[in-house]
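Note sheet for the following structure.
Number of protein chains: 2
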Amino acid sequence: MTRVAIIGAGMTAFGQLWEKGLIDLAVEANNKALEDAGIGRKQIQALYCGNMSSGMFTKQEHVSSLIAGASGLSPIPSTRIEAACASGSAAIREGFLAIKSGLYDSVMVVGAEKMTDVSSTASTRILSAASSQEFEASIGATFPGLYALLARLHMHRFGTTEEQLAGVAVKNHMNALNNPYAHLRKKISVEDVLRSQKIADPIKLLDCAPVSDGAATVILASEKTAKSLTDTPVWIEASAQASDTISLHDRDDLTSLNASAVASREALRQARLENQDIDCLELHDCFTIAEILAIEDLGFVGKGKGGKFVEDGQTEIGGKIPVNPSGGLKAKGHPIGASGVAQAVESFWQLRGEAANNTNPARIMTHNVGGSGATAVVHIFGR
Amino acid sequence: MTRVAIIGAGMTAFGQLWEKGLIDLAVEANNKALEDAGIGRKQIQALYCGNMSSGMFTKQEHVSSLIAGASGLSPIPSTRIEAACASGSAAIREGFLAIKSGLYDSVMVVGAEKMTDVSSTASTRILSAASSQEFEASIGATFPGLYALLARLHMHRFGTTEEQLAGVAVKNHMNALNNPYAHLRKKISVEDVLRSQKIADPIKLLDCAPVSDGAATVILASEKTAKSLTDTPVWIEASAQASDTISLHDRDDLTSLNASAVASREALRQARLENQDIDCLELHDCFTIAEILAIEDLGFVGKGKGGKFVEDGQTEIGGKIPVNPSGGLKAKGHPIGASGVAQAVESFWQLRGEAANNTNPARIMTHNVGGSGATAVVHIFGR
């Protein structure tokens, strides 16, 4: 099977972009990626679109064909991929498999979400569609509520502190300061986080990723096509995905997201690598507790030791393993369907030395979670 | 690259199934397919779920993980595929590519939709999310309305008659009489169709596929795995997909769905076959005019000659090319995300001699359309 590379990337700024619709955002990211790759529209053979809920947000399903048409790509196959907040990475995975299959040499993957044209009450309700309607949303459990349960148990069992959670937010806001694409470019302190409005105790406003609009695109190519178009392809060394029960009450253990652990082990197996071979992480920090869970579940620190690891500065740029140099979902923003693709865009830039906060990695792992862990997608990218 | 086979299939009855939810339906079809294939849950390595709009119909996105969990398949990768009414076939296509990639040996593909728990006004509005919200749905164009425009132009340009349109419905209802899975098992006459309520002139109630609940599942396997499990695999000889602009006003010609034509040419090219090598069609007859457009666009009769071809009985069982022996969307029912998978299930049964109306084919083409032609997926299956 051919190796698969990213040969071009582009993204919109993330933020409250009231003057742009979902399709505008996707087209903008697609155009940037085409230009970056130096590839013509006619060379793109298939399009995958990561999007969680255009139906509920904008009353428009079937966005894959709309995006293909508006991007000048019809009549190529265009398919929407949905796995809640992991939709973007799941779309990359389908593009990766499509090239591996031998049917295609170059495929475009766009992730996009338009979230801010509805009220915050409505967006909370729509986001709850990624949890169980029957057992969670219907009894009033919001995502901050579900992650608050995970945080509270982690604090109870391992002594993780609210200050350690806050440390994740402080670091990611610091990283986003240099990132021109980031939604929240604002320096904050641990005290700011602790004093911010309680959303679902112990989660406070500044523990949460914002609701954002945005789009991100990568262009994937087979080894032969990649080498004909660029001297600096970024290789997809592994692409792994796992599922779990959607409801927290169905799981054996709530101090870990099993899908993250399964997907990262599979990714390392595919790439024939170990954790110490990974130089940098872009991971799913929808809430600060999610980053602590992730560095543990992905195997970079022992279970229960994530809070201390953050507190000690080991996840900062210059630390043992830089986490979310882009600012992460927490500060770069979290337009659901775009987030996974934006992680790949950041990885592409990091590995080519073009990122805002360059960590000079040889290999990056990305980690994208759907809901409260019912889906996890892990990729490993290398130079 | 390995060949890919269907090794097992199952489906629920289609209809107004008020006592069953989306997940119940998917699990029922999955269990039947597992039993039919004689394969254990642990051998299934990935799940693809075709579903158009669980978000708008049931407020539940992320159904892929729910279905995986409820089917006892976690932690395998589970991904929802959406391409409006072509979601089911698009999901089969991703399963096909996943096996072709070499990453998987056996993959389950389920299509499911739960449509009848909302009012008919609401389902019309939700279905309109497969057309352009901006240029079509917002000005009141429903799907019957859009297809009425296509029908009226076909009648004007080629002399197609309302009686010929009605003939499609009569044939498909006749075929469904024997199909225990069909939603509408009721014999009707041309006069019944012509006298039925006008929905959007010239489309009448009995020109329309019903709003249905249902699920269908196929299990795909690599050649090696298929041959180890069954002596009668059904091979996927081609899998093709194409897109078009979502809005009718953006197209050059409205007497043809270009995506259908592009996808069928590509499918025949992949399989190295010509139209005369195809013995039977399961195609997308969401409205009677859609079946006439399809037999023309797929190359089985010249443009404009479809109405006469139907009138002459050439699409009946025993005719030149049997079309929709299952009853089609029109009479078997059209639970959106399930329809494309149900076409594959019918093909599997036809090619194994197990179908209700057996046409004894060596090769079947299936054709599944999203919206008014912004997506088309064509598969060719053979013994």
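Going down the list, the protein sequences come from chains A and B. Note that my numbering numbers the first sequence so that position 90 is 90, with each residue one more than the last. Offset between the second sequence (1-based) and my numbering: plus 383. Glycine included, C-beta positions come from ideal geometry on N, C-alpha and C. Please read these numbers as outputs of a predicted model, since none were measured by experiment.
query: Start-end ranges of the beta strand (DSSP E) lying completely within the segment 125–201 of chain A, minimum 3 residues; result: 198–200
query: Of the residues A/171, A/181 and A/175, the one placed nearest residue 189 of chain A, counting alpha carbons only; result: A/171
query: Within 7 Å, strictly: CB atoms of residue 11 of chain A and residue 238 of chain A; result: no
query: Residue from B/762, B/722 and B/741 with nearest C-alpha to residue 470 of chain B; result: B/722
query: Three-state secondary structure (DSSP) of residue 368 of chain A; result: strand
query: Alpha-carbon spacing of residue 444 of chain B relative to residue 463 of chain B, whole angstroms; result: 9 Å
query: Counted within 10 angstroms of its Cβ, other Cβ atoms place residue 225 of chain A as buried (16 or more) or exposed; result: buried
query: 3 or more residues per run - each beta strand (DSSP E) lying fully within the segment 686–762 of chain B; result: 746–753
query: Straight-line gap, residue 223 of chain A to residue 4 of chain A (C-alpha atoms, nearest Å); result: 6 Å
query: Under 7 Å between C-beta atoms of residue 604 of chain B and residue 489 of chain B; result: yes
query: Candidates A/35, A/49 and A/132: closest to residue 249 of chain A by CA position; result: A/132
query: Min CB distance residue 601 of chain B to chain A below 7 Å; result: no
query: Test item: CB-CB of residue 184 of chain A and residue 112 of chain A under 7 Å; result: no
query: Stretch-stretch touch, CB-based, cutoff 8 Å, three pairs: the segment 649–661 of chain B with the segment 756–765 of chain B; result: yes
query: Run of the beta strand (DSSP E) containing residue 7 of chain A, from where it starts to where it stops; result: 4–11
query: First and last residue of the uninterrupted alpha helix (DSSP H) at residue 384 of chain A; result: This structure leaves residue 384 of chain A out entirely; chain A is present only between 1 and 383.
query: CB contact check: residue 657 of chain B to chain A, cutoff 7 Å; result: no
query: Nearest to residue 207 of chain A (by Cα), restricted to the options A/162, A/122, A/82 and A/312; result: A/162
query: Under 8 Å by beta carbon: chain A residues contacting residue 441 of chain B; result: 133
query: Where residue 130 of chain A meets chain E, residues with beta-carbon distance less than 8 Å; result: Given the protein chain composition of this structure (A and B), no chain E is represented.
query: Contacts of residue 481 of chain B in chain A (Cβ-Cβ under 7 Å); result: 97
query: Closer than 7 Å to chain B by CB, residue 244 of chain A; result: yes
query: Extent of the continuous alpha helix (DSSP H) run through residue 269 of chain A; result: 258–271
query: Contact the segment 748–763 of chain B vs the segment 472–485 of chain B: 3+ CB pairs below 8 Å; result: yes
query: First through last residue of the alpha helix (DSSP H) which encompasses residue 478 of chain B; result: 470–483
query: Inter-residue spacing [alpha-carbon to alpha-carbon] between residue 666 of chain B and residue 619 of chain B; result: 16 Å
query: At least 3 beta-carbon pairs within less than 8 Å: the segment 669–676 of chain B vs the segment 710–719 of chain B; result: yes
query: Start and end residues, beta strand (DSSP E) containing residue 773 of chain B; result: This structure cannot settle anything about residue 773 of chain B, because the visible part of chain B is limited to 384 through 766.
query: Contact with chain A by residue 424 of chain B, beta-carbon distance below 7 Å; result: no
query: Contacts of residue 635 of chain B in chain A (Cβ-Cβ under 9 Å); result: Near residue 635 of chain B there are no residues of chain A at all, since even the closest Cβ is about 12 Å away, more than 9 Å.
query: Cutoff 7 Å: residue 651 of chain B Cβ touching any chain A Cβ; result: no
query: Beta-carbon contacts of residue 623 of chain B that lie in its chain and below 6 Å, excluding the five residues immediately before and after; result: 646, 649, 650 and 761
query: Interface residues of chain B facing residue 262 of chain A [CB-CB closer than 7 Å]; result: 458
query: Per-residue contacts from residue 81 of chain A into chain B (C-beta, under 9 Å); result: 462, 463, 464, 465 and 477
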